[in-house]
Amino acid sequence: MQFFTRLLALVPLAMAPVMAGQKDMINSQVRLAYVGDAAMRVSWNTFHKLGKPTVHYGLAPNNLCYQASSHESITYNTSLTYNNHVTIRDLKPDTQYYYLPSHLLHDNATTPPYSFRTSRSAGDMTSYSAAVIIDMGTMGPKGLTTSAGQTVSPNNILKPGEQNTVQSLEKALDTFDFMLHREFF
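In terms of full-length UniProt numbering, the sequence shown is residues 1 to 185.
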């Protein structure tokens with residue numbers, strides 16, 4: 001598999017809560033993966049199986065004039081959600097695209113449509129910078145916040161004025177070309 005020199009800044013997507021079944025919380029878990037320099041795989045979760053997962057996309061946020069679909073909507077016996085996967089093909093290298101998966105569960109933390117930039121062409125030697133996050137844990141009421149329940153160590157509570165990882169990365173968004181996020185289960 002070819003190593004790509006540019007991944008994605010996924011900060012806005014990482015902010016969506018990920019606890020299924022929790023009242024007032026969603027579980028869309030939008031994620032992206034490169035498929036060469038001319039394609040992108042979009043994945044997201046829904047609470048119901050989709051017959052034809054579809055992603056609307058385009059070169060402007062107010063003009064999602066193209067769409068790609070698949071029949072990949074799968075789940076596991078232990079899962080509360082279905083994983084939907086669509087590959088968008090015939091994209092231009094190193095180009096900004098806007099997209100919106102169908103049947104996406106909306107939240108109050110992000111504003112669709114989302115965006116990605118395709119990888120640079122193979123052999124492009126332009127330098128780049130990266131941010132790396134490893135297992136951010138749970139965010140929001142069940143995670144790293146300024147207050148927590150009795151079972152949470154005081155060392156895991158943010159002090160007034162401190163920022164969590166996502167907030168810090170949002171402020172530095174223009175200082176890196178992509179973010180690699182590795183989650184441990």
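Every residue, glycine too, gets a C-beta built ideally from N, C-alpha and C.
If you're wondering where the values come from, they're calculated on a predicted model, not measured in any experiment.
Where E72 is concerned, the enclosing beta strand (DSSP E) starts and stops at 72 to 74.
Checking the DSSP bridge columns, you'll see D37 partnered with V35.
A contact between stretches requires three or more CB pairs, one per stretch, nearer than 8 Å, and the segment 31 to 39 meets this requirement with the segment 86 to 106. In the DSSP assignment, G58 forms a beta bridge with Y98. Judged by beta-carbon spacing, Y99 lies beyond the 8 Å limit of V132, meaning their Cβ atoms are not closer than that value.
Rounded to the nearest whole angstrom, the CA to CA distance from K171 to D124 is 28 Å.
Residue range 66 to 69 is occupied by the beta strand (DSSP E) that includes Q67. The three-state secondary structure of N156, taken from DSSP, is helix. Around the beta carbon of Q96, a 10 Å sphere encloses fewer than 16 other beta carbons of the protein chains shown; the residue is thus reported as exposed.
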